[in-house]
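Colleague:
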Amino acid sequence: MAQRQQTKTRRRNGDNQFKNNRIIISKYLFHWPLFLLFILLSFAGAYAYINFISPVYEISASILVKDEKKSPNERSEMKELDQSGSAKNAETEIEILRSKNLVSQVVDDLQLWVTYKVDQGFKKKDIYATKPFIFALIDSTGKSNRKQLDGQQFEIVVKSKTSFKILTPNGSSKTFDFNKPLKNSFGSWVLKPNQNVEQYKDSIITITLHNPTKVSNQFIKSLDVHLLDKAAPTIGLFIADEVPERGKDILNYLILIYNEATSSEEKRVTKSIIDFIDTRLATLTEELNFAEKEVEGYRTSIGLTDINSQSKVYLENVQTNDIKLNEVNVQLNVIEGIERYVNSSSSSESPPATLGITDPSLNSLIEKVSDLQNKRVALLATMPESNPAFEPINRQIRNTKTAIQRTVQGIKSSLLNSKRQLQSFNNQFESSIKDIPGQERQFVGMKRQQAIKESLYVYLLQKREELALTYASTLVDARIVDEANVGDIKWPRIPLIMALALLLGFGFPFLIVYLRQLVKNTITDKTDIENAIDVPILGELSFENLGDDVVILDNVRHLVGEQIRSLRTNLHYLHNNKTVRPADVSFLVSKGRVTLFTSSVSGEGKSFVSSNIAVSLAVTGRKTVLLEMDLRKPKLAAVFNISAKHKGISEFLSSEIDVKDVIQNSGLNDNLDFIGCGDIPSNPSELLEKESLSELINKLREFYDDVIIDSPPLHLVTDAMIIAKHTDVTLYVIRQGHTGKAELNFIDDIYIDEKLPNMNIVFNGIKKGKYGYGYNYDNSYYNTAALQPSFSTSMKSFLSRF
79 MAQRQQTKTR RRNGDNQFKN NRIIISKYLF HWPLFLLFIL LSFAGAYAYI NFISPVYEIS
139 ASILVKDEKK SPNERSEMKE LDQSGSAKNA ETEIEILRSK NLVSQVVDDL QLWVTYKVDQ
199 GFKKKDIYAT KPFIFALIDS TGKSNRKQLD GQQFEIVVKS KTSFKILTPN GSSKTFDFNK
259 PLKNSFGSWV LKPNQNVEQY KDSIITITLH NPTKVSNQFI KSLDVHLLDK AAPTIGLFIA
319 DEVPERGKDI LNYLILIYNE ATSSEEKRVT KSIIDFIDTR LATLTEELNF AEKEVEGYRT
379 SIGLTDINSQ SKVYLENVQT NDIKLNEVNV QLNVIEGIER YVNSSSSSES PPATLGITDP
439 SLNSLIEKVS DLQNKRVALL ATMPESNPAF EPINRQIRNT KTAIQRTVQG IKSSLLNSKR
499 QLQSFNNQFE SSIKDIPGQE RQFVGMKRQQ AIKESLYVYL LQKREELALT YASTLVDARI
559 VDEANVGDIK WPRIPLIMAL ALLLGFGFPF LIVYLRQLVK NTITDKTDIE NAIDVPILGE
619 LSFENLGDDV VILDNVRHLV GEQIRSLRTN LHYLHNNKTV RPADVSFLVS KGRVTLFTSS
679 VSGEGKSFVS SNIAVSLAVT GRKTVLLEMD LRKPKLAAVF NISAKHKGIS EFLSSEIDVK
739 DVIQNSGLND NLDFIGCGDI PSNPSELLEK ESLSELINKL REFYDDVIID SPPLHLVTDA
799 MIIAKHTDVT LYVIRQGHTG KAELNFIDDI YIDEKLPNMN IVFNGIKKGK YGYGYNYDNS
859 YYNTAALQPS FSTSMKSFLS RF
């Protein structure tokens, strides 16, 4: 049993979930014309956008750079003399390619800060590739005041190969010659014609000048440079432009000036080393010439032709020792240069050459500080030196210099020890000279000096030749893998735009409907009532925009009519099972039933429901009277096409007249009578408090089977609560999509406090299509031919779907 109950509960929850989903979907399907309209507008806008906007192409190029960290043996002839001390890598070259200096040079050299456009229908076409003339500034620096250039615009009309017109804003024009300087507020300029100038004869060409700095910044943002393959240091360059030729020119020229810049920097470094060697060679040449002449003169003066074998051995030992001592002296000179570098406060000075220094830790530190300085140079290309971003890299440079200083002190100490040891060897060799005759001793000393100078001279001369070959080489660091080429259209992407149009076409109306329902916050579902209050729902009525207030006729069957009949049947059961309060004992002798219709606010359809219930009861043969007791805004007389000037309830309550004087036949059925409001009183509530109201209802109970009372909205005035004391049943009308959910608290308070007798709810105006909840009847079952809506009614119904 418990398992069966759980199964039923799960099935009920599943059905409720399905129902909720169906209701939500139906709410939005009701507004299908709104969705269709927005979809059509979205696709129309997308089509216009695609045809109006100029396509943007993706231009790409790729280069292969030298990654010396991955190829350490490359350019070995420069390894000992390289002043930078660091190997190049692809990441550093990417920063150089995107540096502001290079991009600004591209913008200036290609004059990208000048645009040429010609009218083409509703848009202007950029004619960078086929421009008929070139705008050129002719001031001394090649650049005018950049701020004044921004936004300057001219409209040029080509008249011939030699002349053109400038259109002024007031509609006039002035004629000038090509190649003739003109002066403006921002400086002197000239138009230089191209070969295709006559192709644009009589065309209006708009020249727009921009701030070159801003243009450079825009290109830096749009330029994409990244590694294509880390295994092989291949760098890809990408840029998007609506003029493919301009994009190709930008990338090709950027690669060109990058190669020129890197080649120029390498030549500068090499040239500085060659100059150093040349200076040293000049000094050594003089010293070597002097030593050779001294040996030659000494030989001549004493007639010496040979020395003994002991002198030869000594000479060889001395020469070997002196070469080592000379290398130590060279390394000490290098160390002193490194000491001066690390003690310098400058963060931009390049590290000195590490000639002859083979210590791996020092070379690693020199390489590290050089890498840091390269990064600092890359940052300087995009931001000022005062930027806080420089603080970390400056700190790393200082720390690395400190480490270099400690390493240099150890190397220097070792070299000084080696120097002292070599000098000690020399002293030992010199002491042995005592065994050599004086002339031979003097000759050996001269020969030793000559050999020292000669060996150093040969070493530097060899290095100079190697550097000279490198300097003369035309090889570049970046090898072009693919020149700039035009790829696919980057924008507009038609599938993406159409997808966005479809998304917007559904999204905007969905948002409109959702926000509309969210702001309105009205009752749309029967469960909204059942979840909030415990008042029973007697019946539900669908909304049909048929143009008539009374739909219950003898010869017509309609959905709303059947629902009214169902409500009539439920009302019979409600009256048969009613509980009579003690105050109503006096009514037991009467046979008539009194039913009160009210609502929270106006427009909820209580007059429609009450009038149709009255007609429905009358057509079954029950003697029925309908009371128009909304003494403030009566409208039932107009529904039944009865004169509102006839005496009514206000006259009966305010004067002594017979009840028969206020009764009128409805004109729809002999069993249905009508008592109108009469003259609208100034004090309706006080008038209803009179005993005459109880007398009127008691008399009507005697004459009629059913007394139907249409009262004013209860939340606005208290009239309905005054009348309720004399009634048997109260039908409270709630209208879908009109009654606010906040009214449910008010209704619940009335029900709990029993202020209205036998209170039940009529859920009126249900639009299943609009709110997803309602009857699911097949309207073809009913004969609707006699109640077909008019064109204006149908149009109004259709427009409501928006």
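For any residue, its number in the working numbering is found by taking its place in the sequence shown, counting from 1, and adding 78. Cβ atoms here follow ideal geometry from the backbone N, Cα and C, with glycine treated the same way.
Below 8 Å on the Cβ atoms is my contact criterion, and I expect F200 with F121 to pass it. Report the Cβ-Cβ distance as a whole number of Å.
Modeller: In fact, because the Cβ distance is near 19 Å, the residues do not count as touching under 8 Å.
Colleague: Please report the distance separating the alpha-carbon of E417 from that of L306.
Modeller: For E417 and L306, the distance between alpha carbons rounds to 41 Å.
Colleague: Identify whether E171 lies in helix, strand or coil by the three-state DSSP scheme.
Modeller: In the structure shown, E171 sits in a helix (DSSP, three-state: H, G or I).
Colleague: Starting from the C-beta of L329, find all residues in its chain whose C-beta is less than 7 Å away, skip the five residues before and the five after it, and write them out in chain order.
Modeller: Closer than 7 Å at Cβ, skipping near neighbours: I137, A139, L315, I317 and A562.
Colleague: Going by the beta-carbon positions, is the gap between D806 and N836 smaller than 9 Å?
Modeller: A contact, by the Cβ cut-off of 9 Å.
Colleague: Please report how far the alpha carbon of V236 lies from the alpha carbon of N465, in whole angstroms.
Modeller: In a straight line, the C-alpha of V236 is about 49 Å away from that of N465.
Colleague: With a CB to CB cut of under 8 Å and the five nearest residues on each side skipped, what residues in its chain are close to N743?
Modeller: So the list reads L750, D751 and F752, once near-sequence residues are dropped.
Colleague: Between which residues of its own chain and A369 is the CB-CB distance below 6 Å, once the five residues before and five after are set aside?
Modeller: Once the five neighbours on either side are set aside, the close Cβ partners of A369 are Q527, Q528 and K531.
Colleague: Mapping DSSP to helix, strand and coil, what is H653?
Modeller: The answer is helix: DSSP assigns H653 an H, G or I state.
Colleague: L190 by DSSP, collapsed to three states: which one?
Modeller: Coil, per DSSP.
Colleague: My output table needs one value for K701: the three-state DSSP class, helix, strand or coil.
Modeller: Coil at K701, not helix or strand.
Colleague: State buried or exposed for G683, treating a residue as buried only when at least 16 other CB atoms are found within 10 Å of its CB.
Modeller: When all chains shown are included, G683 counts as buried.
Colleague: Cα-Cα, which of Q277, I282, D356 and V638 is closest to Q540?
Modeller: Among Q277, I282, D356 and V638, the Cα nearest to that of Q540 belongs to D356.
Colleague: Hey, out of N411, G565, E543 and F468, whose CA is closest to K497's CA?
Modeller: Checking every option, the nearest Cα to that of K497 belongs to N411.
Colleague: Sorted by chain position, which residues of the same chain lie with C-beta nearer than 7 Å to G220's C-beta, five sequence neighbours on each side aside?
Modeller: Annotation note: pLDDT 47 at G220 (below 50); position unreliable, coordinate value reported separately. Excluding positions up to five away in sequence, the list is empty.
Colleague: Please determine if the stretch 478–488 and the stretch 436–447 are in contact, where contact requires at least 3 C-beta pairs separated by less than 8 Å.
Modeller: Judged by Cβ distances under 8 Å, the stretch 478–488 makes contact with the stretch 436–447, as three or more pairs qualify.
Colleague: Which residue comes first and which comes last in the beta strand (DSSP E) that contains V455?
Modeller: From DSSP, V455 is part of no beta strand (DSSP E) but of the alpha helix (DSSP H) over P438 to L458.
Colleague: Measuring alpha carbon to alpha carbon, tell me which residue in A126, T286 and E320 is nearest Y135.
Modeller: Checked all of A126, T286 and E320; the closest Cα to Y135 is E320.
Colleague: Using the C-alpha atoms, what's the distance from I830 back to E608?
Modeller: Approximately 15 Å between the Cα atoms of the pair.
Colleague: Can you name the start and end residues of the beta strand (DSSP E) that S250 belongs to?
Modeller: Per DSSP, S250 belongs to no beta strand (DSSP E) and is neither H nor E.
Colleague: Give the DSSP bridge partners of G617, in chain order.
Modeller: DSSP lists V840 as partners of G617.
Colleague: Taking the alpha-carbon of Q230 as reference, which of V559, A339, F264 and E372 has the nearest alpha-carbon?
Modeller: For Q230, the nearest C-alpha among the options comes from F264.
Colleague: May I ask you to list the residues that DSSP assigns as paired with K202?
Modeller: DSSP output for K202 lists D197 as bridge partner(s).
Colleague: Could you pull the start and end residues of the alpha helix (DSSP H) that S744 belongs to?
Modeller: It is not in any alpha helix (DSSP H) - S744 carries neither H nor E in the DSSP assignment.
Colleague: Spatial neighbours of Q273 within its chain, please: CB distance less than 6 Å, with the 5 preceding and 5 following residues excluded, ordered by chain position.
Modeller: No residues qualify anywhere along the chain.
Colleague: Give me, in chain order, the residues of the same chain whose beta-carbon lies closer than 7 Å to that of V192; leave out the 5 immediate sequence neighbours on both sides.
Modeller: Result list for V192: F213, I285 and L287, in chain order.
Colleague: Give the list of continuous alpha helix (DSSP H) stretches no shorter than 4 residues that lie fully inside the stretch 284–311.
Modeller: Correct list: 290–300.
Colleague: For L652, collect the residues of the same chain with a Cβ closer than 6 Å to its Cβ; drop the 5 residues on either side in sequence, then sort them by chain order.
Modeller: Same-chain partners within the cutoff: V807.
Colleague: Around the C-beta of R176, are 16 or more other C-beta atoms found within 10 angstroms, so that it is buried, or is it exposed?
Modeller: Buried, by the Cβ-count rule.
Colleague: Quick one: grab the DSSP three-state call for N262.
Modeller: Looking at N262 - three-state DSSP - the assignment turns out to be strand.
Colleague: In whole angstroms, what separates the C-alpha of D566 from that of Y125?
Modeller: Computed Cα separation, rounded: 20 Å.
Colleague: If you run the structure through DSSP and keep just helix, strand and coil, what is L774?
Modeller: Three-state DSSP puts L774 in a helix.
Colleague: Output the distance between the C-alpha atoms of Q506 and Q397, rounded to the nearest integer angstrom.
Modeller: Approximately 14 Å, taken between the alpha carbons.
Colleague: Measuring only from the beta carbon, is R358 closer than 8 Å to any heavy atom that is part of the ligand COA?
Modeller: The ligand COA is absent from the structure shown, which contains no ligand whatsoever.
Colleague: Would L649 and T676 be called neighbours here (beta carbons separated by less than 9 Å)?
Modeller: In this structure, T676 does not lie closer than 9 Å to L649 by Cβ.
Colleague: So, L619 versus G843, is the Cβ gap smaller than 9 Å?
Modeller: The answer is yes: Cβ separation under 9 Å.
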